[in-house]
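Residue numbers (my numbering), protein chains in the order written: chain A, 1 to 114; chain B, 1 to 113.
If you want it as structure tokens, here you go:
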């Protein structure tokens with residue numbers, strides 16, 4: 001069964017600094033990969049997704065992620081964060097053969113400080 | 001277009017009580033899901049449905065039942081609530097093909113005392 005590891009539970013960063021949130025998944029079979037964001041007291045919103053094609057995926061709010069098949073990773077990056085990016089970020093994976101079932105990581109809380 | 005809505009938003013139950021959480025979506029999605037979110041554990045799939053009248057177990061189905069009598073609604077029931085079911089519950093829906101993006105509701109915070 002798939003599993004997802006988000007290597008950092010919390011990431012503090014100053015405003016306008018770059019950030020990387022790390023995500024590794026367990027299986028080397030073909031997968032779909034997602035990053036979702038959850039703002040306080042809200043549901044999850046899709047940031048970006050990788051289905052196929054280019055390994056560099058661009059999402060909303062200036063975020064991007066790179067799919068690395070050999071390292072089974074899908075790290076999320078932003079070159080310059082804002083206070084409004086403070087939220088919890090979830091990496092999720094589904095097997096291509098069972099694309100409707102997502103497995104989520106434990107989440108990374110991004111705290112942007114001024 | 002309201003997207004995915006959940007009722008109620010908050011609920012406190014005593015051990016042994018029962019309740020039903022309602023999820024509704026107006027996007028004509030085939031697939032619907034119920035997750036629970038606990039600190040440090042991300043979201044875990046409880047049950048899901050691939051269409052009206054069908055349901056299937058997810059990762060943590062014990063203690064919960066579901067029904068999908070109408071395409072737009074997905075109900076989650078707790079027959080005899082336990083403190084271990086204290087959690088935030090999220091409903092989601094998606095198309096059956098394409099990018100498999102799931103659209104989430106705002107959540108229901110349930111406390112079982």
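We treat Cβ as the ideally placed atom computed from N, Cα and C, and that holds for glycine.
Collapsed DSSP secondary structure at residue i in the structure displayed
i, result
"residue 51 of chain B", "strand"
"residue 68 of chain B", "coil"
"residue 83 of chain B", "helix"
"residue 85 of chain A", "helix"
"residue 22 of chain A", "coil"
"residue 77 of chain B", "strand"
"residue 68 of chain A", "strand"
Residue i - containing beta strand (DSSP E), residue span
i, result
"residue 78 of chain A", "73–78"
"residue 58 of chain B", "Here residue 58 of chain B belongs to no beta strand (DSSP E), and DSSP marks it neither H nor E."
"residue 19 of chain B", "19–25"
"residue 58 of chain A", "56–58"
"residue 113 of chain B", "Where residue 113 of chain B is concerned, there is no enclosing beta strand (DSSP E), given that its DSSP letter is neither H nor E."
"residue 31 of chain B", "31–37"
"residue 108 of chain A", "108–113"
"residue 2 of chain A", "Looking at the DSSP string, residue 2 of chain A is not in any beta strand (DSSP E), and its letter there is neither H nor E."
"residue 96 of chain A", "That residue, residue 96 of chain A, is in no beta strand (DSSP E); it is neither H nor E in DSSP."
"residue 36 of chain A", "31–38"
"residue 95 of chain B", "Element bounds for residue 95 of chain B: n/a, residue is neither H nor E."
"residue 6 of chain B", "4–7"
"residue 42 of chain A", "Unbroken run through residue 42 of chain A: none, as it is neither H nor E."
Residue i versus the options, residue with shortest Cα-Cα distance
i, options, result
"residue 101 of chain A", "B:41, B:33, B:105, B:108", "B:33"
"residue 101 of chain B", "B:108, B:92, B:107", "B:92"
"residue 84 of chain A", "A:113, A:108, A:91, A:36", "A:113"
"residue 42 of chain B", "A:77, A:96, A:9", "A:9"
"residue 76 of chain A", "A:39, A:43, A:62", "A:62"
"residue 85 of chain B", "B:106, B:39, B:25", "B:39"
"residue 112 of chain B", "B:66, B:1, B:11", "B:11"
"residue 63 of chain B", "B:23, B:79, B:89", "B:79"
"residue 51 of chain A", "A:60, A:66, A:41, A:42", "A:66"
"residue 82 of chain A", "A:74, A:18, A:35", "A:18"
"residue 26 of chain B", "B:1, B:74, B:14", "B:1"
"residue 35 of chain B", "B:90, B:66, B:96, B:109", "B:90"
"residue 45 of chain B", "B:88, B:55, B:61", "B:61"
"residue 108 of chain B", "B:59, B:76, B:58, B:68", "B:76"
"residue 109 of chain A", "A:94, A:96, A:103, A:86", "A:86"
"residue 69 of chain B", "B:4, B:24, B:15", "B:24"
Residue burial classification, residue i (beta-carbon count within 10 angstroms, cutoff 16)
i, result
"residue 29 of chain B", "buried"
"residue 71 of chain A", "exposed"
"residue 88 of chain A", "buried"
"residue 107 of chain A", "buried"
"residue 105 of chain B", "buried"
"residue 94 of chain B", "buried"
"residue 14 of chain A", "exposed"
"residue 39 of chain A", "exposed"
"residue 51 of chain B", "exposed"
"residue 21 of chain B", "buried"
"residue 117 of chain A", "Lying outside 1 to 114, the shown extent of chain A, residue 117 of chain A is not represented and no answer is given."
"residue 47 of chain B", "buried"
"residue 53 of chain B", "exposed"
"residue 55 of chain A", "exposed"
- Stretch-stretch touch, CB-based, cutoff 8 angstroms, three pairs: the segment 2–22 of chain B with the segment 22–30 of chain A: no
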